[in-house]
Structure formats: C-alpha cells, structure tokens
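K.L.:
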Amino acid sequence: MRANDKNNLIGYDPLAWLDEAGSEIKDQAEIQIMPDDGAEEQPGLSDDEAISGTRNLKEDTGNTAIDSIINLEANLTIQKVLKLHEKLKNSLTANDTVIINAAEVASIDTASLQLFVALKKTAVKLQKEIVFAAPSRRFIDSAALLGLLEVLDVNG
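Numbering (UniProt numbering), first residue to last: 1 to 156.
(1) Compare the C-alpha of leucine 113 against each of Ser68, Ile66, Asp141 and Asp67 and name the closest.
(2) Could you have a look at isoleucine 100 and say whether DSSP puts it in helix, strand or coil?
(3) Taking the alpha-carbon positions, what's the isoleucine 70 to leucine 88 distance?
(4) For alanine 106 versus serine 136, is the C-beta distance shorter than 8 Å?
(5) How would you label valine 98, buried or exposed, when you count the other beta carbons within 10 angstroms and need 16 or more for buried?
(6) Whole angstroms are fine: how far does the CA of lysine 120 sit from the CA of asparagine 101?
(7) Under the rule that 16 or more other beta-carbon atoms within 10 Å means buried, what is glycine 38, buried or exposed?
(8) Ordered along the chain, which non-local residues of its own chain (more than five positions away) have a Cβ less than 7 Å from that of isoleucine 78?
(9) Check for me: the beta strand (DSSP E) holding isoleucine 70 runs from which residue to which?
(10) Would you report the Cα separation of leucine 149 and phenylalanine 132, rounded to the nearest angstrom?
(11) Confirm, please, whether the CB-CB distance from asparagine 90 to serine 68 is below 8 Å.
(12) Mind listing, in chain order, the continuous alpha helix (DSSP H) runs of no fewer than 4 residues lying wholly within the UniProt domain "STAS" (69-156)?
(13) Which word fits isoleucine 130, buried or exposed, when buried means at least 16 other C-beta atoms lie within 10 angstroms of its C-beta?
(14) Quick one: residues in its chain with C-beta nearer than 8 Å to the C-beta of alanine 74, no 5 flanking neighbours on either side, listed in chain order?
(15) Below 8 Å on the Cβ atoms is my guess for alanine 143 versus leucine 152; work out the distance and round it to an integer in Å.
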C-alpha cells in the first residue's frame with residue numbers, strides 16, 4: 001500500500017525556495033566589497049608586514065615619536081578594534097617592547113582578545129616583546145575563559 005504522495009518527503013528539497021528568491025534579490029541588490037586597509041592591494045606584502053605595518057610606517061607617521069605604552073580603554077569592543085589595531089601596529093613597529101596597560105579594562109570582547117593574540121604572534125616573529133601591565137580582573141577572566149592566559153602571557 002502506498003502512502004499519500006502529498007506526505008512523501010523523498011525528493012523534496014526544503015531549500016528550493018532560496019534559489020527562486022535568491023535570483024530576485026541578486027537583481028535588486030548591489031554588493032560592494034572594499035578592502036580593510038589595502039594590504040591585499042600591495043604586491044609582495046608578507047603576512048608579517050601586513051599585520052605589523054613595517055613596510056609603510058615611516059611614510060605614514062613621519063618623524064613623530066610613537067609611545068611604547070598603550071593604555072587600553074575601559075570598554076574594548078569590535079567597534080574599537082580597527083583604531084586599536086592601528087595604534088598597536090605603529091607602536092610595535094617603532095619599539096622593541098610594547099607595554100599594554102590593561103588596568104582599566106572593564107569589558108572586553110573576543111575580537112579584541114583575538115587582536116592581542118595576533119599581536120603577540122607577530123611580535124614573536126619580529127623578535128619583539130609585548131607586555132600586559134597590571135591587567136584588570138575582567139581582562140584576566142575573559143582571557144582565561146577563552147584559554148588565552150598562556151598565549152597572552154598573562155598571570156591569572
């Protein structure tokens with residue numbers, strides 16, 4: 001005995017409607033993709049140079065002294081990562097040791113911690129040092145939650 005074909009799910013594609021709706025959306029929408037910092041557009045730029053900015057720093061900053069101590073804000077969110085990245089990149093390029101004062105950090109997200117991990121890895125490749133000075137309890141707890149205490153060399 002054969003069941004009702006209406007209730008038969010063999011051969012049924014539950015996502016078929018996406019193909020139909022997707023063609024209409026493609027016609028109506030225009031997507032623009034812009035590079036973050038132009039690093040992809042520079043031929044011959046190594047990963048280390050893209051992260052640390054060693055190639056173009058002198059042209060970008062002129063002769064101004066770059067502080068080796070970075071004071072972090074109380075709230076570190078993904079909205080502030082780009083600005084913090086630039087500050088850290090410039091400081092790492094100009095100094096052998098960068099001290100990051102994390103005493104005021106009250107809130108930190110994964111994007112910020114991910115930036116610090118990339119910074120530490122780049123510093124090791126460049127034979128430079130990153131030191132987290134007096135990290136707040138919230139900074140330590142967040143790093144511990146993600147298993148990054150050892151990577152960031154922060155004492156819990």
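Beta carbons: idealized from backbone N, C-alpha and C, even for Gly.
P.N.:
Taking the definition as stated:
(1) Residue numbering aside, residue 113 sits at position 113 when the sequence shown is read from its first letter. Residue Asp141 is the option with its Cα nearest to leucine 113.
(2) Along the sequence shown, read from residue 1 onward, the residue named residue 100 stands at position 100. Correct three-state label for isoleucine 100: strand.
(3) Residue 70 sits at position 70 when you count from the first residue of the sequence shown. Residue 88 sits at position 88 when you count from the first residue of the sequence shown. Those two C-alpha atoms are separated by around 8 Å.
(4) On the sequence shown, position 106 is the one that residue 106 refers to. On the sequence shown, position 136 is the one that residue 136 refers to. Yes, Cβ-Cβ distance for alanine 106 and serine 136 is below 8 Å.
(5) As a working mapping, residue 98 is identified with position 98 in the sequence shown. Its Cβ being crowded by 16 or more others within 10 Å, valine 98 is buried.
(6) Numbered from 1 along the sequence shown, position 101 holds the residue referred to as residue 101. Numbered from 1 along the sequence shown, position 120 holds the residue referred to as residue 120. C-alpha separation (whole angstroms): 15 Å.
(7) For the purposes of this step, residue 38 is identified with residue 38 of the sequence shown, where counting begins at 1. For glycine 38, the pLDDT reaches just 45, beneath the cut-off of 50, and the residue's location in the model is therefore unreliable, although a value from the coordinates is still provided. By the neighbour-count rule (16 or more Cβ atoms within 10 Å), glycine 38 is not buried but exposed.
(8) Taking the sequence shown and counting its residues from 1, the one referred to as residue 78 is at position 78. Taken in chain order, the residues that qualify are Asp109 and Ala111.
(9) The count along the sequence shown starts at 1 and reaches residue 70 at position 70. Unbroken beta strand (DSSP E) run through isoleucine 70: 69-71.
(10) Indexing the sequence shown from 1 puts residue 149 at position 149. Indexing the sequence shown from 1 puts residue 132 at position 132. For leucine 149 and phenylalanine 132, the distance between alpha carbons rounds to 11 Å.
(11) Residue mapping note: residue 68 aligns to position 68 of the sequence shown, counting from 1. Residue mapping note: residue 90 aligns to position 90 of the sequence shown, counting from 1. No, they are not a contact pair.
(12) 81-94, 110-125, 137-145 and 149-152
(13) Counting from 1 along the sequence shown, the entry for residue 130 is found at position 130. When all chains shown are included, isoleucine 130 counts as buried.
(14) Translated into positions along the sequence shown, residue 74 becomes position 74. Excluding sequence neighbours, alanine 74 sits near Glu104, Val105, Ala106 and Ser107.
(15) For this step, residue 143 is matched to residue 143 along the sequence shown. For this step, residue 152 is matched to residue 152 along the sequence shown. Between alanine 143 and leucine 152 the beta-carbon gap is near 6 Å, inside 8 Å, which marks them as a contact.
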